[in-house]
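Heads up: the protein sequence lines correspond to chains A and B, in order. Just add 33 to wherever you are in the first sequence, counting from 1, and you've got my numbering. Just add 2 to wherever you are in the second sequence, counting from 1, and you've got my numbering. For glycine and all other residues, C-beta sits at the position ideal for the given N, C-alpha and C. Here is the structure we will look at.
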Amino acid sequence: MKAVKKPRLRDYLLFVVLLIIALIFLYPILFALQSALKSNGDILKDPIALPTTFYVQNFKDLFEQSDFLTAILHSVVLTVVSEVLIILIVPMAAYAIDRRKSRFMEFLYTFFLAGMMVPFHLYMFPLFKEMKVFHIFGTMAGPVVSYIAGSVAFGTLLYCSFLKTVPLEIEEAARIDGCTPFMTFWKVTFPLLGPCTGSMVILNGLGIWNDYLMPYLVLPSGKAKTITVEIASFVGQYTARWDIVFAGTIISIVPALIIFVSFQKYFVKGITAGGAKG
Amino acid sequence: MNNKRQNKRKVDTVALAFVAPALILYVLFIILPTVSSFYYSLTSWDGISPIVRFIGLANYREIFTSARFGNALKNTIILTVFISVFENAIALLLALAVDNVRFGKNVFRSVLYLPVLISGIVSGFIWKIMYNYNFGAINSFFRNIGADGLCQDWLGNTSLTLLMIGIVLVWKGAGYYMIIYLAGLQSVSTDVIEAAQIDGATARQRFYYITIPLISGTFTINFTLSLINGLKVFDQISVMTDGGPGFTTETIVYLLYKVGFNEGRQGFGTAVGVVLLFVIIILNTLQQKILRSREVQM
């Protein structure tokens with residue numbers, strides 16, 4: 034309807050200003066990347082100079098001098114196992130809460146959402162004690178069950194807001210055709226929740242991938258824990274070998290970047306749904 | 003009648019089976035430790051020994067009289083207010099700019115969001131090195147352009163350290179709030195704007211009298227979110243300063259962690275956590291109140 038106006042001077046001006054701001058925002062990431070490709074001597078000599086050669090010794094040293102491979106494996110297993118279990122558990126609960134309009138379910142909705150206010154730091158000491166009672170302290174199961182429990186609040190909010198847009202007619206048709214409620218959910222409703230599941234896995238998964246305190250405190254000491262924990266321990270340990278630490282930071286950032294570039298729209302959907310309620 | 007009741011009960015069993023796994027894990031690993039933390043906050047528990055001694059309100063009395071908590075509270079308020087104000091101001095300006103830019107809108111949105119993807123530890127490390135006095139990017143830049151006078155020991159200068167951590171958090175968080183503001187801006191109907199345009203409202207008037215009031219709900223939500231996130235900052239402090247120099251960057255959460263793990267006073271640490279929870283609940287209630295009063299207005 035509106036005719037496309039020719040760009041005016043202020044349009045170019047806005048573009049240039051935004052470009053400068055974007056470069057400032059991007060710089061620390063570029064700084065990490067360029068430092069990862071420079072020798073320690075070069076980083077210290079001129080930190081802002083670009084690398085002149087494609088130097089990968091830092092990455093070799095990283096894997097030789099630390100058990101970084103185990104850390105990567107732990108990060109991947111924690112993230113993937115938690116997300117798979119979260120998707121098996123949380124959407125089903127949200128479905129029951131949204132579709133059954135009973136007093137109890139209304140209470141449950143508020144009860145679950147209240148979890149968003151409770152800071153992890155408050156309950157971590159009693160939580161670890163409880164983990165010891167269940168014999169899951171010092172195992173991967175400890176963080177996994179905590180991550181699932183921690184995802185219930187945001188997951189219920191996200192799925193319940195999305196479920197309102199899924200029409201009931203299809204479910205009713207499936208029920209008349211003799212589907213059990215369980216089958217109806219997984220075969221009919223769940224596939225329609227794809228975008229919501231995408232947002233959930235990506236936002237929640239990023240939080241687990243980047244988490245520090247839980248794996249640092251719960252996983253057994255004396256061995257590599259997760260990527261984030263290893264990087265934090267390098268900072269204290271290799272105060273003179275920044276090159277190695279930078280190589281580690283790149284390995285931490287790149288998977289998140291790839292996921293972000295591939296699934297951008299899910300990020301936006303999940304964030305705005307979370308922000309809609311607060 | 004009997005049949006109907008049976009039927010209803012059967013339905014509830016199914017629903018209960020659907021929520022059971024989530025409910026059990028949530029109660030076991032969030033609610034139970036949260037509720038028991040109220041109990042532990044009344045003890046002198048050290049976190050290791052099985053003996054938990056009940057000491058009543060002594061921990062709370064210590065919290066409200068100790069200089070260390072007062073200092074941590076002051077640091078937390080400074081850091082949280084700094085983060086919330088700048089995060090929201092920058093995020094809103096960026097959202098307006100990205101919304102209006104004529105070229106490369108999506109690229110800008112993505113690039114400004116990138117810092118959100120980075121873990122707290124990694125962002126803290128990168129900036130720690132950039133802030134370094136001798137070999138950091140910021141001081142090298144100043145030296146290269148001949149402005150040696152601007153060089154600072156960014157993390158060592160006790161009057162700057164807390165704000166330097168705040169800058170890292172604003173850089174890391176602004177993109178997140180920008181996305182929410184963008185969604186808010188896009189929900190402002192173009193009809194309203196065009197109607198105002200026809201009535202002769204200038205761009206500035208349209209911004210102040212239409213856009214701002216219509217995104218004020220988004221603003222309330224973002225401000226509350228950033229306040230609560232500001233209260234919980236931990237990773238950057240841990241990797242950049244460890245609460246130092248001295249106690250200049252020790253916040254409530256960091257104090258809680260340090261007394262709990264380094265000083266073996268988890269009862270006291272938990273009491274600090276309980277205080278934090280109440281602050282968060284108050285902030286949330288205020289947000290709901292403000293939002294609701296706005297709704298009535300509209």
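So, at 7 Å on beta carbons, what are the nonlocal neighbours of residue i in its own chain, with the 5 sequence-adjacent residues on each side left out?
i: B:V172; result: I85, F88, E89, I92
i: A:G188; result: I119, V123, A127, M233
i: A:S108; result: W242, T259, I260
Can you pull the chain B residues whose beta carbon is under 7 Å from the beta carbon of residue i, in chain order?
i: A:D75; result: Per Cβ cutoff of 7 Å: no residues; A:D75 is ~11 Å from chain B at best.
i: A:Q297; result: S112
i: A:V123; result: A24
i: A:Y128; result: F20
i: A:F293; result: L119
Residue i touches chain A at which residues, Cβ-Cβ below 9 Å?
i: B:G275; result: P152, H154, L155, Y156, M157, F158
i: B:K234; result: P152, F153, H154
Leaving out five residues on either side along the sequence, give the residues of the same chain with a beta carbon under 8 Å from the beta carbon of residue i.
i: B:I57; result: L44, T45, S46, G269
i: B:I50; result: G266
i: B:N231; result: I85, G175
Strictly below 7 Å CB to CB, what residues from chain A border residue i?
i: B:F31; result: L160, V178, S179, A182
i: B:T36; result: V151, L155, Y156
i: B:V241; result: A265, V268
i: B:I283; result: M150
i: B:N286; result: M150
Can a CB atom of chain B be found closer than 9 Å to the CB of residue i?
i: A:A289; result: yes
i: A:S115; result: no
i: A:R208; result: no
i: A:R274; result: no
i: A:L191; result: no
Residue i versus chain B: which residues are under 9 Å apart at the beta carbon?
i: A:M138; result: A17, V21
i: A:D378; result: As displayed, chain A neither begins before 34 nor continues past 311, which places residue 378 of chain A out of reach and without an answer.
i: A:E163; result: L30, F31, L34, P35, S38
Answer with yes or no whether the minimum CB distance from residue i to chain A is below 9 Å.
i: B:N102; result: yes
i: B:A176; result: yes
i: B:Y28; result: yes
i: B:D237; result: yes
i: B:S295; result: no
i: B:Y42; result: yes
i: B:F209; result: no
i: B:K291; result: no
i: B:L171; result: no
i: B:G49; result: yes
i: B:L216; result: no
i: B:F249; result: no
i: B:N61; result: no
i: B:I182; result: yes
i: B:L96; result: yes
i: B:N90; result: no
Nearest to residue i by alpha carbon, out of the options?
i: B:E252; options: B:I212, B:K174, B:G168; result: B:G168
i: A:T198; options: A:R132, A:K256, A:F145; result: A:R132
i: B:R206; options: B:G122, B:L98, B:E64, B:I32; result: B:L98
i: B:C153; options: B:Q188, B:G126, B:Y133; result: B:Y133
i: A:A257; options: A:R274, A:T172, A:F296; result: A:T172
i: B:K174; options: B:I239, B:S125, B:T36, B:V281; result: B:S125
i: B:G177; options: B:R145, B:L96, B:I214; result: B:L96
i: B:W2; options: B:I200, B:A149, B:G148, B:L165; result: Nothing can be reported for residue 2 of chain B, as the shown portion of chain B is limited to 3 through 300.
i: A:M233; options: A:D276, A:Y299, A:P61; result: A:Y299
i: A:L196; options: A:E116, A:V151, A:L226, A:D210; result: A:L226
i: B:L293; options: B:G219, B:L94, B:T272; result: B:G219
i: B:F236; options: B:V170, B:I195, B:I217, B:T213; result: B:V170
i: A:P159; options: B:Y41, B:T67, B:L288, B:Q188; result: B:Y41
i: B:L258; options: B:L116, B:D48, B:L30; result: B:D48
i: B:V241; options: B:N136, B:S121, B:S191; result: B:S121
i: B:T78; options: B:I283, B:I239, B:N264; result: B:I239
i: B:V194; options: B:A185, B:I212, B:L187; result: B:I212
Please confirm if residue i has its CB atom under 9 Å from at least one CB of chain E.
i: A:T112; result: Checking the listed chains, one finds no chain E in this structure; the protein chains it contains are A and B.
List the residues of chain A that residue i touches, going by C-beta distances under 8 Å, in chain order.
i: B:V194; result: Here the premise fails: no neighbours, minimum Cβ distance about 15 Å.
i: B:S142; result: D79, P80, I81
Can you name, in chain order, every residue of its own chain whose Cβ lies under 6 Å from the Cβ of residue i, other than the five neighbours on each side?
i: A:L236; result: G303
i: A:V262; result: P248, Y249
Near-chain B residues of the region 141-156 of chain A (beta-carbon distance less than 7 Å), N- to C-terminal order: Contacts with chain B (Cβ-Cβ distance below 7 Å) from the region 141-156 of chain A involve L141, F145, G148, M150, V151, P152, H154, L155, Y156, listed in chain order.
Contact list for the region 110-139 of chain B against chain A, Cβ threshold 7 Å: Residues passing the 7 Å Cβ filter: F110, S112, V113, L114, L116, P117, L119, I120, S121, G122, I123, V124, F127, I128, W129, I131, M132, F137, G138, A139.
Within 9 Å of chain B by C-beta, residues of the region 232-248 of chain A in sequence order: Here the close residues are L239, W242, N243, D244, Y245, L246.
Where the region 252-272 of chain B meets chain A: residues whose CB sits under 8 Å from a CB there: Those residues of the region 252-272 of chain B that come within reach of chain A (Cβ to Cβ, closer than 8 Å) are V255, L258, Y259, G262, F263, Q268, G271, T272.
Members of the region 79-103 of chain A near chain B, C-beta cut-off 8 Å: Cβ contacts with chain B come from D79, P80, I81.
Members of the region 201-231 of chain A that neighbour chain B once the beta carbon cut-off is set at 7 Å: So the close ones are P214.
Positions along the region 55-76 of chain A whose CB lies within less than 9 Å of some CB in chain B: Along the region 55-76 of chain A, going in chain order, the ones with a CB nearer than 9 Å to a CB of chain B are A55, L56, I57, F58, L59, Y60, P61, I62, F64, A65, S68, I76.
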